[in-house]
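Visitor: Following this message is one structure expressed as structure tokens.
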Amino acid sequence: MLFLVMALVLLADFLSKLYIENSLELNTSWAPIPELAAFFRITHVSNTGAAFGLFPSGSILFMLVAIGVSIFIIIYNSRLPADHALYRVALGLQLGGALGNLISRLRVGHVTDFLDFGPWPVFNLADFSIVAGVFLLAFLMLQEQRQDNQRQKVGPADIATTDKNHSDSSEDHTMLWNE
1 MLFLVMALVL
11 LADFLSKLYI
21 ENSLELNTSW
31 APIPELAAFF
41 RITHVSNTGA
51 AFGLFPSGSI
61 LFMLVAIGVS
71 IFIIIYNSRL
81 PADHALYRVA
91 LGLQLGGALG
101 NLISRLRVGH
111 VTDFLDFGPW
121 PVFNLADFSI
131 VAGVFLLAFL
141 MLQEQRQDNQ
151 RQKVGPADIA
161 TTDKNHSDSS
171 EDHTMLWNE
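Our numbering puts the last residue of the sequence shown at 179; the count rises by one with no breaks.
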């Protein structure tokens, strides 16, 4: 699952960046839906920094971080239980995004950003994939933590006591009806 999601993200990211690089002049915008131009445009920008244009002069550092994160994700994925498919989707989104931007930096020395939502920094599909993967992973971890907390609150002894109390009270009701 991890590698399938990663491959889909890599393909979509690579093709979208290639299309923008060959179709739209650098630092120009196009509004695919003119009525929404105030909210969404395609704007071709070059980014040597991190996601959303942060830290513009750290290209080599970000390549090293992408490699380190990718290795960590692959190791973490190998240790996940078999039934954690959504975790693998989240990690695949992150891995695909990290490698997509790494490939761009290696290929052209920068990342091509183009999704422009008004006041927000311009970003690309790899950036979106990383953020979506992080949010999905955080959601899954919080959900798992909540379930673990519920299991700790209602331990096996509590369940046995609850069942015993419940069965005792139903016996009391039965006795009342029999008398």
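Positions of the beta carbon are idealized from the N, C-alpha and C atoms, including for glycine.
Along the chain, where does the alpha helix (DSSP H) that runs through Asn-101 open and close?
Guide: 85-108 is the span of the alpha helix (DSSP H), which, as asked, contains Asn-101.
Visitor: Give every residue of the same chain whose Cβ lies closer than 7 Å to the Cβ of Phe-17, excluding the five residues on either side of it in the sequence, and list them in chain order.
Guide: Rather than Phe, the amino acid found at residue 17 in this sequence is Lys. Counting only Cβ-Cβ distances below 7 Å, and skipping sequence neighbours, we find Ser-104, Thr-112 and Asn-124.
Visitor: Phe-123 by DSSP, collapsed to three states: which one?
Guide: Residue state, collapsed to three classes: strand.
Visitor: Reducing DSSP to helix, strand and coil, say where Glu-2 ends up.
Guide: Reading the sequence as shown, one finds Leu at residue 2 and not Glu. DSSP places Leu-2 in helix when its eight states are reduced to three.
Visitor: Let me know the secondary structure DSSP gives Val-131 once reduced to three states.
Guide: Three-state DSSP puts Val-131 in a helix.
Visitor: Beta carbon of Asp-116, beta carbon of Phe-40: below 9 Å?
Guide: Going by C-beta atoms, Asp-116 is nearer than 9 Å to Phe-40.
Visitor: Are there 16 or more other CB atoms within 10 angstroms of the CB of Asn-149, so buried, or fewer, so exposed?
Guide: Asn-149 should be labelled exposed.
Visitor: Cβ of Gly-92 within 9 Å of Cβ of Val-154?
Guide: Taking 9 Å as the Cβ cut-off, Gly-92 and Val-154 do not qualify as a contacting pair.
Visitor: At what residues does the beta strand (DSSP E) containing Phe-114 begin and finish?
Guide: Start and end: 111-116.
Visitor: Would you call the CB atoms of Val-9 and Val-122 closer than 9 Å?
Guide: Contact: no.
Visitor: Run through the region 2-74 for me and flag every whole alpha helix (DSSP H) of 4 or more residues, listed as ranges in chain order.
Guide: Counting whole runs of 4 or more residues, the region 2-74 contains the alpha helix (DSSP H) stretches 2-23.
Visitor: Do you know offhand how far Gly-118's Cα is from Glu-35's?
Guide: The alpha-carbon atoms of Gly-118 and Glu-35 are separated by roughly 13 Å.
Visitor: Checking contacts by CB at 9 Å: is Val-131 closer than that to chain C?
Guide: Of the protein chains in this structure there is only one, and it is not chain C.
Visitor: For Val-89, count neighbouring C-beta atoms within 10 Å of its own C-beta (all shown protein chains included) and say buried if the count is 16 or more, exposed if not.
Guide: Val-89 is buried by the Cβ-count criterion.
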